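Protein chains in written order, with this note's numbering: chain A, 273 to 610; chain B, 273 to 610.
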């Protein structure tokens with residue numbers, strides 16, 4: 273399979289691609305499907321998640337489908353209520369050692385079985401030559417949501433707990449890792465051919481704190497999941513100053529955001545590395561010629577690595593005209609031909 | 273003067289420091305001073321700006337005072353209304369080539385004379401061995417505010433204009449550069465001993481776009497201002513992937529945010545560089561011992577550069593206990609002793 277071959281650095285006929293948030297609001301059929309369903313209910317309804325995951329696969333020649341879900345599903349399963357309006361809000365944030373001690377370690381099948389049901393349904397519907405990606409939030413990123421009670425700019429509650437009570441903070445990271453690792457393994461058992469760990473907020477740490485907190489927790493998950501024999505992609509948003517550290521996560525593939533040259537990342541981790549990325553999603557709002565040119569340039573940079581999965585460097589925006597995605601998919605497959 | 277010596281890479285008795293947003297909401301005396309004054313009126317009242325700039329100088333042994341103002345003052349002077357509630361909002365954003373053509377190039381003394389009056393008053397009140405910093409927003413950062421109509425996460429309006437009409441976008445950057453360069457020169461004429469150019473949002477560009485758009489516009493300003501014979505500090509928030517490009521701005525000092533190791537930045541630009549930074553501001557919410565340890569570690573990293581001005585890697589947060597700043601100032605001056 274082209275996608276898995278690229279993840280393992282094996283020869284491919286062309287560069288494979290998928291798109292972060294490929295199932296989502298830029299697609300009119302997704303907006304129709306969501307009508308009348310609140311987001312968390314949608315995430316808990318395998319038939320709807322399956323349909324959402326399949327929508328982009330019908331339109332585009334993408335090399336991987338991805339489970340439709342949200343990284344906060346696992347947080348809710350740990351006993352922390354989550355709302356979406358539409359931004360995530362956690363009305364009872366985790367702020368103290370006592371709050372942390374009260375968290376549950378969920379059973380993936382019993383508490384999040386709807387996710388595994390969706391994985392199985394999507395796997396059954398996607399052609400055998402396409403991959404199916406599972407995913408979860410990385411421990412540090414989920415910890416920040418739990419502590420802040422939502423998104424944040426400066427993550428002062430999270431960093432304050434981290435600096436003032438590092439023992440409690442590490443305890444939280446471990447509980448999340450103990451939730452996420454079996455959750456990803458359950459997704460693999462249900463049919464996921466690879467998984468991505470999203471560390472969306474880890475790039476807001478100084479490198480010293482990334483190394484001390486976010487990295488060991490992510491690595492603990494990655495080590496356990498890799499034993500299942502599928503590739504693990506570790507996406508750190510804002511990876512530029514953390515490339516060498518992120519590579520020490522032992523992930524098979526490093527996900528790279530758009531704010532760094534892919535060639536710089538490859539130069540720093542070495543030509544044995546496998547990378548994923550990294551087009552600026554806003555190029556999908558620009559002219560087609562520029563989109564083709566930039567995509568081809570990233571494909572060319574990716575040839576210096578042992579393997580390259582093309583992707584955006586961040587989620588696709590809801591403002592993207594769907595036809596521009598067709599242009600992108602064609603451009604990548606054409607530029608990537610061996 | 274210790275501050276200027278460090279900016280020029282000359283010998284110093286210890287590492288100088290100032291703190292981004294050192295005059296601001298974490299100080300109770302500042303909150304008192306602001307009472308009953310809306311922010312823009314405050315910025316236009318030299319006596320209030322002077323008092324705000326002096327408040328931290330009375331409490332702390334900082335090596336530089338900084339003009340109290342806002343980077344959007346120059347945007348308003350270009351004819352784009354600005355409100356603060358408290359986040360900045362520009363109710364008539366600049367979105368088209370016609371909007372750009374309608375912008376004014378203000379006369380610094382006639383249209384922003386209150387700023388130069390504040391600079392002169394602060395200079396008269398600050399001891400002669402302390403520097404006074406002037407500042408302005410860099411062209412790309414001001415352009416994004418003007419186009420988005422405020423802050424943004426993804427800057428889709430700005431990037432869309434940049435990709436779809438690069439000529440209009442460059443025209444906007446040039447008009448801002450033509451506003452900012454004489455504005456900074458007027459601050460120098462009024463008594464500023466150095467100036468900082470804030471490129472707060474340039475780190476949200478891919479390196480290719482930083483090089484194509486933000487960098488040439490910043491460099492145009494820096495070249496004109498450096499002829500005045502005072503050092504220019506160029507602060508790019510999210511500098512890690514852009515270090516070599518930012519160094520090509522020809523600024524005397526590179527401002528470094530906290531999301532990268534200062535030693536990595538110095539290794540990349542070379543030991544001839546002068547750097548400023550880069551403590552994570554949230555460490556001011558942690559225990560004093562950790563704060564001292566991290567500050568000393570950054571001071572030690574800074575010794576590899578030709579010159580080092582200590583600073584936070586981002587503005588101080590309003591949650592900071594003022595006494596922790598005393599701890600920081602002492603720690604830096606002690607660790608930096610030659």
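Glycine is no exception: its CB is placed at the ideal position from the N, C-alpha and C atoms.
As the structure is a computational prediction, the values presented were derived from the model and not from experiment.
Drop a sphere of 10 angstroms on the beta-carbon of residue 309 of chain B, count the other beta-carbons inside from all chains shown, and report buried for 16 or more, exposed for fewer.
Against the second chain, residue 309 of chain B aligns to sequence position 37. Exposed, by the Cβ-count rule.
How about residue 430 of chain B and residue 446 of chain B: do their beta carbons lie closer than 8 angstroms?
The residue you call residue 430 of chain B lines up with position 158 of the second chain. The residue you call residue 446 of chain B lines up with position 174 of the second chain. No, the Cβ-Cβ distance between residue 430 of chain B and residue 446 of chain B is not below 8 angstroms.
Contact test: residue 426 of chain B Cβ vs the ligand ATP heavy atom, cutoff 7 angstroms
The model on display carries no ligand, and the ligand ATP is accordingly not part of it.
Find the residues of chain B that neighbour residue 479 of chain A, judging by a C-beta separation of less than 7 angstroms, and give them in chain order.
Mapped onto the first chain, residue 479 of chain A falls at position 207. Residues of chain B passing the Cβ test: 532 and 533.
Can you list the residues of chain A that residue 342 of chain B reaches, using a CB-CB cut of under 7 angstroms?
Within the second chain, the letter at position 70 stands for residue 342 of chain B. Within 7 angstroms Cβ-Cβ: nothing; residue 342 of chain B doesn't reach chain A, min ~18 angstroms.
Report yes if the C-beta distance between residue 405 of chain A and residue 467 of chain A is below 8 angstroms; otherwise report no.
Translated into the one-based positions of the first chain, residue 405 of chain A becomes position 133. Translated into the one-based positions of the first chain, residue 467 of chain A becomes position 195. Yes, the Cβ-Cβ distance between residue 405 of chain A and residue 467 of chain A is below 8 angstroms.
From residue 608 of chain B to residue 600 of chain B, what does the alpha carbon distance come to, in whole angstroms?
Taking the second chain and counting its residues from 1, one reaches residue 608 of chain B at position 336. Taking the second chain and counting its residues from 1, one reaches residue 600 of chain B at position 328. If I take the Cα positions, the gap works out to 12 angstroms.
Determine, using beta carbons only, whether residue 376 of chain A and residue 351 of chain A come nearer to each other than 8 angstroms.
Sequence index remark: in the first chain, residue 376 of chain A carries index 104 (1-based). Sequence index remark: in the first chain, residue 351 of chain A carries index 79 (1-based). In contact: residue 376 of chain A and residue 351 of chain A (Cβ atoms closer than 8 angstroms).
Identified DSSP bridge partners for residue 482 of chain B
Residue mapping note: residue 482 of chain B aligns to position 210 of the second chain, counting from 1. Residue 482 of chain B pairs with nothing; no bridge assigned.
Inter-stretch contact (C-beta, 8 angstroms, three-pair minimum) for the segment 423-437 of chain A and the segment 488-506 of chain A
no
Using a Cβ-Cβ distance under 8 angstroms, would residue 552 of chain B count as near chain A?
Here the question's residue 552 of chain B lines up with position 280 in the second chain. Taking Cβ atoms only, chain A reaches closer than 8 angstroms to residue 552 of chain B, which makes this a yes.
Around the Cβ of residue 413 of chain B, are there at least 16 other Cβ atoms within 10 angstroms (buried) or fewer (exposed)?
Walking along the second chain from the start, residue 413 of chain B turns up at place 141. So residue 413 of chain B counts as buried.
With burial defined as no fewer than 16 other Cβ atoms inside 10 Å of the residue's Cβ, what is the status of residue 531 of chain B: buried or exposed?
Against the second chain, residue 531 of chain B aligns to sequence position 259. Buried, since its Cβ has 16 or more Cβ neighbours within 10 Å.
What three-state label does DSSP hand residue 332 of chain B in the structure shown?
Along the second chain, one-based indexing puts residue 332 of chain B at 60. Of the three classes helix, strand and coil, the one that applies to residue 332 of chain B here is coil, per DSSP.
Compare the C-alpha of residue 287 of chain A against each of A:589, A:347, A:484 and A:333 and name the closest.
Counting from one through the first chain, the residue named residue 287 of chain A turns up at place 15. For the residues A:589, A:347, A:484 and A:333, the minimum Cα distance to residue 287 of chain A belongs to A:333.
Looking at the unbroken alpha helix (DSSP H) that takes in residue 506 of chain A, where does it start and where does it end?
For the purposes of this step, residue 506 of chain A is taken as residue 234 along the first chain, with counting starting at 1. Looking at the DSSP string, residue 506 of chain A is not in any alpha helix (DSSP H); the run it does join, the beta strand (DSSP E), is 504-508.
Mind listing the chain A neighbours of residue 485 of chain B? Cutoff is C-beta to C-beta under 8 angstroms, in chain order.
Within the second chain, numbered from 1, the residue matching residue 485 of chain B stands at position 213. Going along chain A, no residue has its Cβ under 8 angstroms from residue 485 of chain B, so there is no contact; the nearest lies around 13 angstroms.
8 angstroms Cβ cutoff met for residue 319 of chain B and residue 340 of chain B:
Counting from 1 along the second chain, the entry for residue 319 of chain B is found at position 47. Counting from 1 along the second chain, the entry for residue 340 of chain B is found at position 68. Not in contact: residue 319 of chain B and residue 340 of chain B (Cβ atoms no closer than 8 angstroms).
Using a Cβ-Cβ distance under 8 angstroms, would residue 305 of chain B count as near chain A?
If you number the second chain from 1, residue 305 of chain B lands on position 33. No, because no Cβ of chain A sits closer than 8 angstroms to the Cβ of residue 305 of chain B.
Chain-ordered neighbours of residue 413 of chain B on chain A, where CB pairs are closer than 9 angstroms
By 1-based counting over the second chain, the position of residue 413 of chain B is 141. Correct list: empty, because the minimum Cβ distance to chain A is about 15 angstroms.
Would you identify the three-state DSSP class for residue 580 of chain A, choosing helix, strand or coil?
In the first chain, counting from the first residue as 1, residue 580 of chain A sits at position 308. Correct three-state label for residue 580 of chain A: strand.
Report back the beta-carbon spacing between residue 598 of chain B and residue 556 of chain B to the nearest angstrom; my notes put them in contact at under 8 angstroms.
As a working mapping, residue 598 of chain B is identified with position 326 in the second chain. As a working mapping, residue 556 of chain B is identified with position 284 in the second chain. Their Cβ separation, rounded to whole angstroms, is 11 angstroms, which puts residue 598 of chain B and residue 556 of chain B out of contact at 8 angstroms.
Short of 8 angstroms in beta carbon distance, which residues of its chain neighbour residue 566 of chain B, apart from the five on each side in sequence? Order them along the chain.
Here residue 566 of chain B is taken as the residue at index 294 of the second chain, counted from 1. Cβ within range, chain order: 551, 552 and 555.
Roughly how many angstroms separate the alpha carbons of residue 528 of chain B and residue 379 of chain A, rounded to a whole number?
Indexing the second chain from 1 puts residue 528 of chain B at position 256. Indexing the first chain from 1 puts residue 379 of chain A at position 107. Answer to the nearest angstrom: the Cα atoms are 44 angstroms apart.
Between which two residues does the beta strand (DSSP E) carrying residue 550 of chain B extend?
Taking the second chain and counting its residues from 1, the one referred to as residue 550 of chain B is at position 278. Run containing residue 550 of chain B: 546-551, per the beta strand (DSSP E) assignment.
Beta-carbon within less than 8 angstroms of residue 594 of chain B's beta-carbon, same chain only, minus the 5 sequence neighbours each way: which residues are those?
Residue mapping note: residue 594 of chain B aligns to position 322 of the second chain, counting from 1. Once the five neighbours on either side are set aside, the close Cβ partners of residue 594 of chain B are 298, 299, 300 and 331.
Using a threshold of 8 angstroms, state whether the C-beta atoms of residue 322 of chain B and residue 415 of chain B are closer than that.
Position 50 of the second chain holds residue 322 of chain B. Position 143 of the second chain holds residue 415 of chain B. Not a contact, by the Cβ cut-off of 8 angstroms.
Pick helix, strand or coil for residue 372 of chain B, following the three-state DSSP scheme.
In the second chain, residue 372 of chain B corresponds to position 100, counting from 1. Helix.
Is residue 600 of chain B close to chain A, meaning its C-beta is less than 8 angstroms from at least one C-beta of that chain?
Here residue 600 of chain B refers to the residue found at position 328 when the second chain is read from its first residue. Chain A, which has no Cβ nearer than 8 angstroms to the Cβ of residue 600 of chain B, makes this no.
Along the chain, where does the beta strand (DSSP E) containing residue 441 of chain B start, and where does it finish?
Taking the first residue of the second chain as position 1, residue 441 of chain B is located at position 169. No beta strand (DSSP E) contains residue 441 of chain B, which is instead part of the alpha helix (DSSP H) from 438-462.
Using a Cβ-Cβ cut-off of 6 angstroms (strictly less than) and excluding sequence neighbours within five positions of residue 596 of chain A, which residues of its own chain qualify?
Position 324 of the first chain, counted from the start, is the residue given in the question as residue 596 of chain A. Within the same chain, residue 596 of chain A has close Cβ partners 556.
Taking a contact to mean a Cβ-Cβ separation below 8 angstroms, would you say residue 374 of chain B touches residue 452 of chain B in this structure?
For this step, residue 374 of chain B is matched to residue 102 along the second chain. For this step, residue 452 of chain B is matched to residue 180 along the second chain. It is not a contact, given that the beta carbons lie outside the stated cut-off.
Tell me the rounded alpha-carbon separation between residue 275 of chain A and residue 459 of chain A.
Along the first chain, read from residue 1 onward, the residue named residue 275 of chain A stands at position 3. Along the first chain, read from residue 1 onward, the residue named residue 459 of chain A stands at position 187. Computed Cα separation, rounded: 18 angstroms.
What first and last residue would you give for the alpha helix (DSSP H) that runs through residue 601 of chain B?
Along the second chain, one-based indexing puts residue 601 of chain B at 329. Element bounds for residue 601 of chain B: 594-607.
When you compare only the Cα positions, how much space is there between residue 327 of chain A and residue 303 of chain A?
As a first step, residue 327 of chain A is located in the first chain; it is residue number 55 there, counting from the start. As a first step, residue 303 of chain A is located in the first chain; it is residue number 31 there, counting from the start. Residue 327 of chain A and residue 303 of chain A: Cα-Cα distance of roughly 11 angstroms.
Are the beta-carbon atoms of residue 503 of chain A and residue 315 of chain A separated by less than 8 angstroms?
Taking the first residue of the first chain as position 1, residue 503 of chain A is located at position 231. Taking the first residue of the first chain as position 1, residue 315 of chain A is located at position 43. Not closer than 8 angstroms, so no.
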